[in-house]
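The working numbering puts the first residue of the sequence shown at 1, with every later residue one more than the last.
To keep things clear, I will list the structure first and then write my remarks on it.
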Amino acid sequence: MTTTITTHTPAIAQVEHIDPTQVVLEENIRQQAVVLDDEFLDSVRSNGVVTPVSGRRADDGTVYIRYGQRRVLAAREVGLTTIPVYMNATDATVAERVVGQLVENERRAEMTETERVDAYRVLELEGLSVAKIAKATGTRKDRVQASVTVAASEVARAALDEVVSLDMALALVEFEDDPEACSTILQYNDDELPWVTQKLRNERIISAAWEHTAEELREAGFTVMERNDYDYTNLHQLTDARPEEEDRPGLDADQHTGCPGNAIIISVSVRDGEPSTDQRAVCIRPELHHSRWGHRNAKVDVSSLPEEEQEAAREQRRAERRRLIENNKNWDAATKVRIDWLVEFLTRKQLPKDAGEFLAITLTRHASDVNNYIGGAQTLLNIEGYSDSKRLAAHVENDPRTAGHVNLAIAFAIRENRTSRESWRTPNETDKAYLLQLEAWGYHLAPVERIAAGYPEPDTAEVA
Numbered sequence: 001m002t003t004t005i006t007t008h009t010p011a012i013a014q015v016e017h018i019d020p021t022q023v024v025l026e027e028n029i030r031q032q033a034v035v036l037d038d039e040f041l042d043s044v045r046s047n048g049v050v051t052p053v054s055g056r057r058a059d060d061g062t063v064y065i066r067y068g069q070r071r072v073l074a075a076r077e078v079g080l081t082t083i084p085v086y087m088n089a090t091d092a093t094v095a096e097r098v099v100g101q102l103v104e105n106e107r108r109a110e111m112t113e114t115e116r117v118d119a120y121r122v123l124e125l126e127g128l129s130v131a132k133i134a135k136a137t138g139t140r141k142d143r144v145q146a147s148v149t150v151a152a153s154e155v156a157r158a159a160l161d162e163v164v165s166l167d168m169a170l171a172l173v174e175f176e177d178d179p180e181a182c183s184t185i186l187q188y189n190d191d192e193l194p195w196v197t198q199k200l201r202n203e204r205i206i207s208a209a210w211e212h213t214a215e216e217l218r219e220a221g222f223t224v225m226e227r228n229d230y231d232y233t234n235l236h237q238l239t240d241a242r243p244e245e246e247d248r249p250g251l252d253a254d255q256h257t258g259c260p261g262n263a264i265i266i267s268v269s270v271r272d273g274e275p276s277t278d279q280r281a282v283c284i285r286p287e288l289h290h291s292r293w294g295h296r297n298a299k300v301d302v303s304s305l306p307e308e309e310q311e312a313a314r315e316q317r318r319a320e321r322r323r324l325i326e327n328n329k330n331w332d333a334a335t336k337v338r339i340d341w342l343v344e345f346l347t348r349k350q351l352p353k354d355a356g357e358f359l360a361i362t363l364t365r366h367a368s369d370v371n372n373y374i375g376g377a378q379t380l381l382n383i384e385g386y387s388d389s390k391r392l393a394a395h396v397e398n399d400p401r402t403a404g405h406v407n408l409a410i411a412f413a414i415r416e417n418r419t420s421r422e423s424w425r426t427p428n429e430t431d432k433a434y435l436l437q438l439e440a441w442g443y444h445l446a447p448v449e450r451i452a453a454g455y456p457e458p459d460t461a462e463v464a
């Protein structure tokens, strides 16, 4: 059997304004349920149906809609009394209807992110506020704000032309005065952006704190190790005891000040946006001392190796230190992102169905910790004030619907308190289960968190 598809010469059609509840949707090739997202509904609510749907009127007067079912359903949802219907569809065969719907859907070009950003910029220049633009276009206010921010940045706007996402372009705005940071951002995908940008923020704080401390130490006459110089030996690995002596105490920092190889290494970490600085003495002339453990040490005494192997061994140790320091920074950044995600997660009206199982396991295995982490739970729930179990109880009493959220916040606070940099250094089953549960609920694990969660570590352990 041969199916003939007839193409019709368009006739002059009229646009009629019809009650969307009175039209009938023709069968559509789209098989998935139509999704009416909030932004689309807001747009239809504010502006009505701007582009007419395509339909036909049958002999009995019934209006059938062939193209534009999503607009019709949205109009019904928001309560529009009429929608424009372009009466240009004909009484087609099944084949003709399917071909028409394919053409209508496949040949449609989406607006690019660049076009959206430029359009919002024009509206802003015309005097519309972000709030008014959001309302008029049915777009989330934060997306409009991000767009106009990107449009005002030469670096970020240019990046949009390279088909980067709006989120990535917004990250470039924050670091547009730092080409190296921008280059780092462009190496990652959108899922990695939160922890990468947080690490870059931390790095700015770390650099400023490090420079300040280094200047003070140098003025006091100390040799300071440069930030990326890992060619040193820790004092506890060295001794002045002779090789034959049994008692082999590590070098004392105060006594080591007279050594020509005495130097200070500065370590800076960031918590809640504030730097914490630590400094300790190391030795850059280890040959002036002896290995504390000698051949009994599990680590190879580099000086005992053939000369051609010594540099390779030293480079291996430097690489281990680089990995340790970088992944510690990665963990600190990921922790901030993870906490922010938990705060957002606890604002959701509906909790996951398996939240009760996670809660039961946490509260039974760590029952003694419940009262210790009320403050952490309050932080996750954005409840202000001093840590107080009565305050949390009152929160539930005022709104019983929050009971599950409060319980889950306490469980999260307990689990978070048990995580640390050791979670990736020496992975354990408790932290592994916790991180995998968050991943199952939609959290994107950073590479260092994946190590703690038991995933194989990539060959290139150093990130960012």
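All C-beta atoms in this analysis are idealised placements derived from N, C-alpha and C, irrespective of residue type, glycine included.
The beta-carbon distance between R415 and Y434, rounded to whole angstroms, is 5 Å. This is short enough to meet the 8 Å contact definition. Annotation: the stretch 120-167 contains the following complete segments of the alpha helix (DSSP H) (minimum length 4 residues), in chain order: 130-137, 141-151, 154-160. In terms of Cα proximity to V50, the closest of T21, G61, I83, L41 is I83. Under the DSSP assignment, R218 falls in the alpha helix (DSSP H) whose first and last residues are 193-219. The three-state reading of DSSP puts S291 in strand, counting E and B together. Here V224 is bridged, per DSSP, to I264.
In this structure, the beta-carbon distance from R242 to G261 does not fall below 9 Å.
R218 counts as exposed, since fewer than 16 other beta carbons sit within 10 angstroms of its beta carbon.
Taking each of V85, E274, A159 in turn and checking the Cα distance to I18, the smallest one comes out for V85. Here DSSP, grouped into helix, strand and coil, assigns D177 to coil. Judged by DSSP secondary structure, E449 falls within the alpha helix (DSSP H) whose first and last residues are 447-452.
When rounded, the separation of the alpha-carbon atoms in D37 and I339 is 27 Å. For P275 and L359, the gap between their C-alpha atoms comes out near 34 Å. Relative to R421, the option among R323, K353, Y188 whose CA is nearest is R323. By alpha-carbon distance to A355, the top candidate from P52, L408, A334, V343 is L408. In the DSSP assignment, the residues bridged to C283 are T233, N262. A check of alpha carbon separations from L80 across N88, A134, E226, S46 identifies S46 as the nearest.
V35 sits in coil when the DSSP states are folded into three classes, being neither helix nor strand. If you look at S423, you'll find it isn't in any beta strand (DSSP E); it sits in the alpha helix (DSSP H) that goes 422-425. With the rule of 3 Cβ pairs closer than 8 Å, the stretch 277-293 counts as touching the stretch 237-253.
Pairing H366 with L342, the inter-Cα distance amounts to about 19 Å. Excluding residues up to 5 positions away in sequence, V117, A156, R157, L160, L166, A169, L170, V173 lie with their Cβ nearer than 7 Å to the Cβ of V150 in the same chain. V448 and K329 have their C-alpha atoms roughly 10 Å apart. Taking C-beta atoms as the reference points, I266 and W331 fail to come closer than 9 Å. In this structure, K336 sits near Q198, with a CB-CB distance shorter than 9 Å. D177 is positioned such that its CB atom lies no closer than 9 Å to that of L200. For V85, the enclosing beta strand (DSSP E) covers residues 83-86. Partner residues in the beta bridge of D278, as assigned by DSSP, are S267. Per DSSP, the unbroken alpha helix (DSSP H) holding H395 starts and ends at 389-398. A direct Cα-Cα distance of roughly 18 Å separates P249 from R280. Non-local C-beta neighbours of L351 in its own chain, meaning closer than 8 Å and more than five positions away in sequence, comprise G404, H405, L408, ordered along the chain.
Of all alpha-carbon atoms in N189, E162, A253, G273, the one lying nearest the alpha-carbon of R204 is that of G273. With fewer than 16 other Cβ atoms from the protein chains shown falling within 10 Å of its own Cβ, N398 counts as exposed. V24 and Y67 do not touch by the CB rule: their CB atoms are close to 14 Å apart, not below 8 Å.
Secondary structure at E16: strand, using DSSP grouped into helix, strand and coil. In this chain, the beta strand (DSSP E) harbouring G55 covers 53-57.
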